[in-house]
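Enquirer: Residue numbers (this note's numbering), protein chains in the order written: chain A, 404 to 581; chain B, 404 to 581.
Starting off with a structure, shown below.
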DNA sequence: CTGAAGTGTTTGGGATATAAAACACTGGCG
DNA sequence: CGCCAGTGTTTTATATCCCAAACACTTCAG
């Protein structure tokens, strides 16, 4: 009677999320998805894709018909839509609200899309809805933010960028992996 | 003459980032950090911590004195400060700007703190500085955002929350792992 | 039909991340 | 002094993720 424990914890890894989203994108774009197509899209070998997809099939997220065409189960479809929605929301937020350059926004979004909680994603979406609502205060805000270019004061007590100290200046491009 | 390649790519994994930050926190709080202390803080076994830290010592991020007390090299210190700054900025952003509940903000922050680029983190910090700047438009914005409670319209063409469709509604709490 | 191209799987290997357990060292208490 | 708790390492094992390479199967052009 402890089956719910294993069932409840359905952690989808970064890799699994990408495989599932790849299948959805292939289905939407070409109408079919095979192991090789997923591998090509993700730029990994067929062998790797085969093994990962075997696991996803075993977990009931990915389906396969008699001609080896892949599909998504109801759960898999849900995961795909969830991840894609988060990706879309975050990218829009980075670019439209924060003014991050598109390429960098893509990189950041890809890394965190499957990690952000639904609650937080919905908050970001709410934020974007407000920004686009046409409410005068959001318009003013947009303009003022775009013009605002004050660097961090460096004063620990007043610097709002972080509580510890003005550490932002030290943020190098020490790209932290995975 | 290709040494720069291996040298240039210094990807710090999620795990490595946590180990390094743990050392910094222990040093700040207790004045020393040993393998066991790190393991306790991260709630992993001494064995696991020992092996991970061996790797970090080998990569020149973590130091160890003759009495087995751990420290951080200049690079390690830099990584620690960078990750902590990102963590601080993101958490503040989630809570102050988005209104995410603190516990959830902690979870989300922990997952993405080491993944967000310096560029994006700095943009978020800039955003926070503006919010706290006292600029009237930011004050108005704050208030209006707090009161704004319009759900997603569900209309694909006008819904700002995502370009594809109003997928946010489908965001379940299917916690995606790692 | 035959061979080449494409597809899917398996095998063997490497890397990371973690645990459990066994082992060795250290330091203090009685 | 001797023992035990605490500490650090190594070994053995699991799990994910990936690649390269070999193998088997299918399909299609000629």
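Think of the CB as a built atom: it goes at the ideal place given N, C-alpha and C, for glycine as much as any other residue.
Between which two residues does the beta strand (DSSP E) containing residue 467 (chain A) stretch?
Expert: Per DSSP, residue 467 (chain A) belongs to the beta strand (DSSP E) from 465-467.
Enquirer: Do residue 455 (chain B) and residue 419 (chain B) have their beta-carbon atoms positioned less than 8 angstroms apart in this structure?
Expert: yes
Enquirer: Residues of chain B with a CB under 8 angstroms from the CB of residue 523 (chain A): which are they?
Expert: 497, 501, 503, 507, 508 and 511
Enquirer: Output yes or no for whether 8 angstroms exceeds the beta carbon distance between residue 549 (chain B) and residue 538 (chain A).
Expert: no
Enquirer: Is residue 421 (chain B) close to chain A? Criterion is C-beta to C-beta, closer than 8 angstroms.
Expert: no
Enquirer: Who are the near neighbours of residue 421 (chain A) in its chain, counting only those whose CB is closer than 7 angstroms to its CB and skipping five residues on each side?
Expert: 445
Enquirer: Report back the beta-carbon spacing between residue 534 (chain B) and residue 545 (chain B) to the nearest angstrom; my notes put them in contact at under 8 angstroms.
Expert: 7 angstroms
Enquirer: Does residue 544 (chain A) get closer than 8 angstroms to chain B when you measure Cβ to Cβ?
Expert: Interface annotation, residue 544 (chain A): in contact with chain B, CB-CB separation under 8 angstroms.
Enquirer: What are the boundary residues of the beta strand (DSSP E) that includes residue 501 (chain A)?
Expert: Looking at the DSSP string, residue 501 (chain A) is not in any beta strand (DSSP E), and its letter there is neither H nor E.
Enquirer: In this structure, does DSSP put residue 420 (chain B) in helix, strand or coil?
Expert: Look at residue 420 (chain B) here: in three-state DSSP terms it is helix.
Enquirer: Going along chain B, which residues have a C-beta under 9 angstroms from residue 462 (chain A)?
Expert: Correct list: empty, because the minimum Cβ distance to chain B is about 12 angstroms.
Enquirer: Taking 8 angstroms as the CB-CB cut-off, is residue 665 (chain B) touching chain A?
Expert: Because chain B in this structure spans residues 404 to 581, residue 665 (chain B) falls outside the shown range and cannot be described.
Enquirer: Anyone know if the C-beta pair for residue 496 (chain A) and residue 435 (chain A) falls short of 8 angstroms?
Expert: Going by C-beta atoms, residue 496 (chain A) is not nearer than 8 angstroms to residue 435 (chain A).
Enquirer: Since I believe residue 515 (chain A) is in contact with residue 519 (chain B) (beta carbons under 8 angstroms), could you give me their beta-carbon distance rounded to a whole number of angstroms?
Expert: 7 angstroms
Enquirer: Which runs of the alpha helix (DSSP H) at least 4 residues long sit entirely within the region 466-540 of chain A? Give them in chain order.
Expert: 477-495, 505-515 and 521-534
Enquirer: Is the beta carbon of residue 438 (chain B) less than 8 angstroms from the beta carbon of residue 453 (chain B)?
Expert: yes
Enquirer: Given that a residue counts as buried once 16 or more other Cβ atoms are within 10 Å of its Cβ, and exposed if not, what is residue 427 (chain A)?
Expert: buried
Enquirer: Applying the criterion that 16 or more other CB atoms from any shown protein chain within 10 Å of the CB defines a buried residue, is residue 470 (chain A) buried or exposed?
Expert: exposed
Enquirer: Where are the alpha helix (DSSP H) runs, 4 residues long or more, that stay fully inside the region 423-457 of chain A, in chain order?
Expert: Within the region 423-457 of chain A, the complete alpha helix (DSSP H) runs of at least 4 residues are 438-445.
Enquirer: Tell me which same chain residues have a C-beta within less than 8 angstroms of the C-beta of residue 601 (chain A), skipping the five on either side of it?
Expert: In the structure as shown, chain A starts at 404 and stops at 581, and residue 601 (chain A) therefore has no counterpart that could be examined.
Enquirer: Any C-beta of chain A within less than 9 angstroms: which residues of the region 421-452 of chain B qualify?
Expert: none
Enquirer: Smallest Cα separation from residue 489 (chain A): which of A:551, A:424 and A:432?
Expert: A:424
Enquirer: What three-state label does DSSP hand residue 545 (chain B) in the structure shown?
Expert: helix
Enquirer: Just to confirm, are residue 493 (chain B) and residue 512 (chain B) a CB contact at a threshold of 8 angstroms?
Expert: yes
Enquirer: What residues from chain A crowd round residue 476 (chain B), counting only those whose CB sits closer than 8 angstroms?
Expert: Those do not exist, as residue 476 (chain B) stays about 13 angstroms from chain A at its closest Cβ, beyond 8 angstroms.
Enquirer: Flag this pair as yes or no: are the beta carbons of residue 543 (chain A) and residue 536 (chain B) separated by less than 8 angstroms?
Expert: no
Enquirer: On the premise that residue 507 (chain B) lies in contact with residue 480 (chain A), defined as a C-beta separation below 8 angstroms, what is that separation, rounded to the nearest angstrom?
Expert: In fact, because the Cβ distance is near 25 angstroms, the residues do not count as touching under 8 angstroms.
Enquirer: Taking all protein chains shown into account, do 16 or more other C-beta atoms lie within 10 angstroms of the C-beta of residue 556 (chain B), making it buried, or fewer, making it exposed?
Expert: exposed
Enquirer: Check the Cβ-Cβ distances between residue 473 (chain B) and every residue of chain A, and say whether any is below 8 angstroms.
Expert: no
Enquirer: Can you pull the chain B neighbours of residue 465 (chain A), defined as C-beta to C-beta under 8 angstroms?
Expert: Here the premise fails: no neighbours, minimum Cβ distance about 15 angstroms.
Enquirer: Within 10 angstroms of the Cβ of residue 440 (chain A), are there 16 or more other Cβ atoms? Answer buried if so, exposed if not.
Expert: buried
Enquirer: I'd like to know whether the C-beta of residue 548 (chain B) is nearer than 8 angstroms to at least one C-beta of chain A.
Expert: yes
Enquirer: Under 8 angstroms between C-beta atoms, does residue 468 (chain A) make it to chain B?
Expert: no
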